[in-house]
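Residue numbers (the working numbering), protein chains in the order written: chain V, 1 to 445; chain U, 1001 to 1445.
Scroll down for the structure; my scribbles are underneath it.
Number of protein chains: 2
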Amino acid sequence: MKKAHIVIIGGSAAGVTAAITCRRHYPDKEVLLIRKEREALIPCGIPYIFGTLGSIEKNLLPDAVVKGSGAEILIDEVVDVKRDEKIVITAGGERIAYDKLIISTGSVPGIPPIPGIDMDNIFPIEKNAESLKKVMERLKGASNLVIVGGGFIGMEFADECRKSFKAKITVVEMLPHPLMLNFDEELCIAAEEIEKKMGVDIMAPERVESFIGNGKVKGVRLASGKEIEADMALIATGYVPNTKLAEKIGLEIGPTKAIKVDRYMRTNDENIFACGDCAEKFSFFDGKPSNLRLASIAAMEARIASANLFGPRRMNEGVIGVFSTILSGTVFALAGLSEKEAKAKGYEITVGKWEGVNRHPGSMPEAENLKLKLIFEKGTGVILGGELMGAKSGGEIINMIGTAISKRMTAEEIARSQMGTHPALTASPIAYPIPNAAEMACIGP
Amino acid sequence: MKKAHIVIIGGSAAGVTAAITCRRHYPDKEVLLIRKEREALIPCGIPYIFGTLGSIEKNLLPDAVVKGSGAEILIDEVVDVKRDEKIVITAGGERIAYDKLIISTGSVPGIPPIPGIDMDNIFPIEKNAESLKKVMERLKGASNLVIVGGGFIGMEFADECRKSFKAKITVVEMLPHPLMLNFDEELCIAAEEIEKKMGVDIMAPERVESFIGNGKVKGVRLASGKEIEADMALIATGYVPNTKLAEKIGLEIGPTKAIKVDRYMRTNDENIFACGDCAEKFSFFDGKPSNLRLASIAAMEARIASANLFGPRRMNEGVIGVFSTILSGTVFALAGLSEKEAKAKGYEITVGKWEGVNRHPGSMPEAENLKLKLIFEKGTGVILGGELMGAKSGGEIINMIGTAISKRMTAEEIARSQMGTHPALTASPIAYPIPNAAEMACIGP
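The structure is reproduced here in structure tokens:
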């Protein structure tokens, strides 16, 4: 019987990071990554296949990343695990023994129970090349594309598809504006206006009641009574943890329907760890279960799980949630809690705002506007979150804010922090957004 | 007699930040900023006047920044301070009473004692418009420009002047490579090669022994015995604190020849504070005097000084030193201590390195390579520094490292930190440089 010291199930962000990290920490152990997809995709790059990148081939996660670390890859599906014997069994009939097992089976599209959703030309956005190839093929002929769901994936698909395809695009979102699960209202309205200006129709708040058609989709009936034409639809209503295998083998499942793990990423089987979208998460702020599922969190959890396989070395402090997107050239990003989320968690807050250009003087090339908001707990002054909109450099600035959150910095500390500045690369030292926004919070409203 | 509650002397990064901060913290106090220059320049933008910006007018620090805060500006020179009476006296004959005084008189070029340095067409790089206008005028006719000093200013001038002027440019640097006071050797060699490829001649290690000419410079005699033609020269050998006024009025001067201040930015006169290039600095790492002088440090110190005018509110933890530059499209940046500096301070260190693209997949537009090195103290794992080279996003990534240093994060903490990632804005979650470089340091060499 085959054997690998460490077996990893799943080959996306968590699985790949786990493979590399295991090889770094245990260069003497054999690491085997088993995934069912012949080609692995970069998950966050999927929307960009349909516009900026132009092809699925440009969005592949190269096997060399895993193989270069000395880990092996097996293309097969794990269908069972004999936990007592510490053996995985694959669809291809392999039986492979392990010492430690990491489950990183990711997430799958959540399919809402809308009548008619099974009709032809309606696609959930699956993270596999075969399904996406079909979407690409059908998009070429589509005249009216409806995207159900105005979250990150829905909005990124809308923004990318409008670049490459002639179809009229309509996004249907249940909340009053797109992206409202992520950002405070002001940014959501800005994102909505940007996409509308680019010709994307956004119907919000609105709900798809049923799909109309005869085998093939022809239209969408909305809760408001309106009907819109649609010869193609994409379902972008979110993802749910893929726990099929974990449930089958009797691992505990938590309240968010993900595999239950402790702060060391251990499941209820001491030899099985889980990380990434399939694993339960809890909030950095209050330890409560969290529905945040991000590739960056998956990679972080994989680094923790891998380091802990043979003894506890790293503790998971919970998800902060740092993410960004770009719609028609404008960046939207959040680290930690939005104002709305902070209030919902029961915090009394103080907010500091700043707006300015990200170069100095503003006449330097590539100068763009950046709007920043920092959110602090009122009593302690500890930073809870930061939200920004505008310049591309915001994609890295948000990470500085994430770092400050992770160390529970106060508005006072941030106001006197040292930020390196350069005319061609950043805002000016006088007007650098982070200390200025913190200062505005220090002095209060 | 005129009176302002708060008088600020000097109108560059420290003075302007102080004026704004004072108005924020004490909206009932009158704030008067006195500067001698009719037009204030953005100090770090000065090299860019000669290439990217193309004119001095595009690099002015608008008075609206100060006036918009409710502070006043007086164009005049403070020539004396009657400390007992708390009155400043200007060259224009004004006597102005103050409650609190902030001195932010900046720095002036240090002129090396090279024979012939007084000849015509040899210019120190002064931070005033009149002098720079003359430099601009003369550059137009120059055929052979020698820049003495290959630090930041010298290299930025070389890189910018080559874009706009026909003169052959030679940089003469005493150390083996340019930028060696700032970066580890590898980056210095890379910067040297980049500029050489762009046609800039760099002579290092080499020293200017004297200027040759007859009233007007005609050439440069080097310590090696070589002579090179030069019909124009720029002196970029660094700046020294401008303490003329402070010395005259009897303020204590420290070991770096800057105004002595405590951790609250107070001078030995309890009503006089100093900040920016004219004020003494000490290292975040060991409290020893530091010669780092940066606009971003000046702004930080101004925020501390201003908040402390009427009672101690903010303590200065010392200079970390976060800076960046860009030469011919390649960013060079450092936060904290380089490997060389850490060793010189007596640390035993561990280094973690990482290299990769700053987008994912690498086929996304604007993808650039980034090379990162993080430096940790061996025993504790506390981060001491980070050095990077490559992508423009490095200008903000270095600030995240600065934040980590300020909170004394360990390699272990950084290895499991959460970095938000996006295909169009950052490296991939698997290959994000900061946790990966930290991980390499965790597992050791």
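Positions of the beta carbon are idealized from the N, C-alpha and C atoms, including for glycine.
Cβ of residue i within 8 angstroms of any chain U Cβ
{"i": "Ser164(V)", "result": "no"}
{"i": "Glu412(V)", "result": "yes"}
{"i": "Met155(V)", "result": "no"}
{"i": "Arg448(V)", "result": "The shown model of chain V, from 1 to 445, leaves out residue 448(V), and the question about it has no answer."}
{"i": "Met198(V)", "result": "no"}
{"i": "Gly420(V)", "result": "yes"}
{"i": "Val135(V)", "result": "no"}
{"i": "Leu425(V)", "result": "yes"}
{"i": "Ile375(V)", "result": "no"}
{"i": "Glu24(V)", "result": "Note on identity: in this sequence residue 24(V) is Arg, with Glu being the wrong assignment. By this cut-off, Arg24(V) is an interface position."}
Where the alpha helix (DSSP H) containing residue i begins and where it ends
{"i": "Phe1285(U)", "result": "Phe1285(U) -> no alpha helix (DSSP H), and no H or E assigned at all."}
{"i": "Leu139(V)", "result": "Ala129 to Gly141"}
{"i": "Lys196(V)", "result": "Glu185 to Lys197"}
{"i": "Pro1047(U)", "result": "Ile1046 to Ile1049"}
{"i": "Ala1155(U)", "result": "A small correction: the amino acid at residue 1155(U) is Met; Ala does not occupy that position in the sequence shown. Its alpha helix (DSSP H) spans residues Phe1152 to Ser1164."}
{"i": "Met1389(U)", "result": "First-last for Met1389(U): Ile1383 to Gly1390, but that is the beta strand (DSSP E), not the alpha helix (DSSP H)."}
{"i": "Gly1015(U)", "result": "Ala1013 to His1025"}
Of the listed residues the options, nearest to residue i (C-alpha basis)
{"i": "Lys1029(U)", "options": "Glu1193(U), Thr1380(U), Tyr1098(U) and Asp1120(U)", "result": "Tyr1098(U)"}
{"i": "Leu187(V)", "options": "Gly311(V), Leu327(V) and Val322(V)", "result": "Leu327(V)"}
{"i": "Ile1414(U)", "options": "Ser428(V), Pro241(V) and Glu317(V)", "result": "Glu317(V)"}
{"i": "Phe1050(U)", "options": "Ala1438(U), Leu1175(U), Ser1164(U) and Gln1418(U)", "result": "Ser1164(U)"}
{"i": "Glu1173(U)", "options": "Ala1167(U), Ile1189(U) and Arg1162(U)", "result": "Ile1189(U)"}
{"i": "Ile443(V)", "options": "Tyr1026(U), Ile1009(U) and Lys1003(U)", "result": "Tyr1026(U)"}
{"i": "Pro1109(U)", "options": "Gly1321(U), Lys1086(U), Leu1234(U) and Thr1052(U)", "result": "Leu1234(U)"}
{"i": "Gly1336(U)", "options": "Met1265(U), Asn1182(U) and Glu1412(U)", "result": "Asn1182(U)"}
{"i": "Gly1449(U)", "options": "Glu1037(U), Met1001(U), Lys1003(U) and Lys1002(U)", "result": "It is not possible to answer for residue 1449(U), since the shown part of chain U is limited to 1001 through 1445."}
{"i": "Lys1100(U)", "options": "Thr1243(U), Glu1094(U), Val1088(U) and Glu1227(U)", "result": "Val1088(U)"}
{"i": "Ile103(V)", "options": "Gly92(V), Val78(V) and Glu377(V)", "result": "Val78(V)"}
{"i": "Ile1194(U)", "options": "Arg1162(U), Glu1206(U), Leu1175(U) and Lys1166(U)", "result": "Arg1162(U)"}
{"i": "Val220(V)", "options": "Val148(V), Glu270(V), Phe284(V) and Ala204(V)", "result": "Val148(V)"}
{"i": "Thr17(V)", "options": "Ser55(V), Phe123(V) and Gly276(V)", "result": "Gly276(V)"}
{"i": "Glu1339(U)", "options": "Val1351(U), Glu1301(U) and Thr1330(U)", "result": "Val1351(U)"}
{"i": "Arg1303(U)", "options": "Ile169(V), Ala438(V), Glu396(V) and Ile297(V)", "result": "Ala438(V)"}
{"i": "Ser1055(U)", "options": "Ile1042(U), Val1065(U) and Ala1064(U)", "result": "Ile1042(U)"}
{"i": "Ser324(V)", "options": "Asp269(V), Val261(V) and Gly390(V)", "result": "Gly390(V)"}
{"i": "Ala1158(U)", "options": "Pro1047(U), Gly1395(U) and Val1031(U)", "result": "Pro1047(U)"}
{"i": "Glu1126(U)", "options": "Ala1019(U), Gly1238(U) and Leu1175(U)", "result": "Gly1238(U)"}
{"i": "Glu94(V)", "options": "Ile34(V), Leu132(V), Tyr347(V) and Val146(V)", "result": "Ile34(V)"}
{"i": "Ala966(U)", "options": "Ala1299(U), Leu1370(U) and Asp1286(U)", "result": "Chain U is shown only over 1001 to 1445; residue 966(U) falls outside these bounds and no answer can be derived."}
Endpoints, beta strand (DSSP E) assigned at residue i
{"i": "Ile249(V)", "result": "Counting along the chain, Ile249(V) falls outside any beta strand (DSSP E), and DSSP gives it neither H nor E."}
{"i": "Ala1097(U)", "result": "Arg1095 to Ile1103"}
{"i": "His5(V)", "result": "Lys2 to Ile9"}
{"i": "Ser1210(U)", "result": "Val1208 to Asn1214"}
{"i": "Ala1233(U)", "result": "Met1232 to Ile1235"}
{"i": "Val351(V)", "result": "Ile349 to Val357"}
{"i": "Glu229(V)", "result": "Glu227 to Glu229"}
{"i": "Lys371(V)", "result": "Asn369 to Glu377"}
{"i": "Val148(V)", "result": "Asn144 to Val148"}
{"i": "Glu72(V)", "result": "Glu72 to Ile75"}
Heavy atom of the ligand ZN within 7 angstroms of residue i beta-carbon
{"i": "Lys133(V)", "result": "Absence of the ligand ZN is noted for the structure shown, with no ligands found whatsoever."}
Proximal residues to residue i (C-beta, below 7 angstroms), its chain only, five neighbours per side dropped
{"i": "Ala1342(U)", "result": "Ile1349, Ile1375, Leu1384 and Gly1385"}
{"i": "Ala1191(U)", "result": "Met1155, Pro1178, Leu1179, Leu1327 and Phe1332"}
{"i": "Asn291(V)", "result": "Thr256"}
{"i": "Glu1412(U)", "result": "Gly1381 and Cys1442"}
{"i": "Ile111(V)", "result": "Ile117, Pro124 and Ile235"}
{"i": "Ser1224(U)", "result": "Glu1206"}
Any C-beta of chain V under 8 angstroms from that of residue i
{"i": "Met1433(U)", "result": "In the sequence as presented, Met is not what sits at residue 1433(U); that position holds Pro. For Pro1433(U), the answer is no, since every Cβ of chain V falls outside 8 angstroms of its Cβ."}
{"i": "Phe1211(U)", "result": "no"}
{"i": "Met1203(U)", "result": "no"}
{"i": "Thr1105(U)", "result": "no"}
{"i": "Arg1314(U)", "result": "yes"}
Own chain residues within Cβ distance below 8 angstroms of residue i, not counting five before or after
{"i": "Lys1216(U)", "result": "Met1119, Asp1120, Asn1121 and Asp1231"}
{"i": "Ile1259(U)", "result": "Ile1103, Pro1241, Thr1243, Ala1246, Leu1251, Glu1252, Ile1253, Thr1267, Ala1274, Cys1278, Ala1279 and Glu1280"}
Proximal residues to residue i (C-beta, below 6 angstroms), its chain only, five neighbours per side dropped
{"i": "Gly45(V)", "result": "Asn59"}
Considering only residues of the stretch 395-432 of chain V, which uninterrupted alpha helix (DSSP H) runs meet the minimum length of 4 residues and lie entirely inside it, listed in chain order? 411-415
Could you name the residues of the stretch 34-64 of chain V whose beta carbon sits closer than 7 angstroms to any beta carbon of chain B, in the order they occur along the chain? Protein chains in the displayed structure are V and U, and chain B is not among them.
What runs of the beta strand (DSSP E), each 3 residues or longer, lie entirely inside the stretch 263-335 of chain V? 272-274 and 322-327
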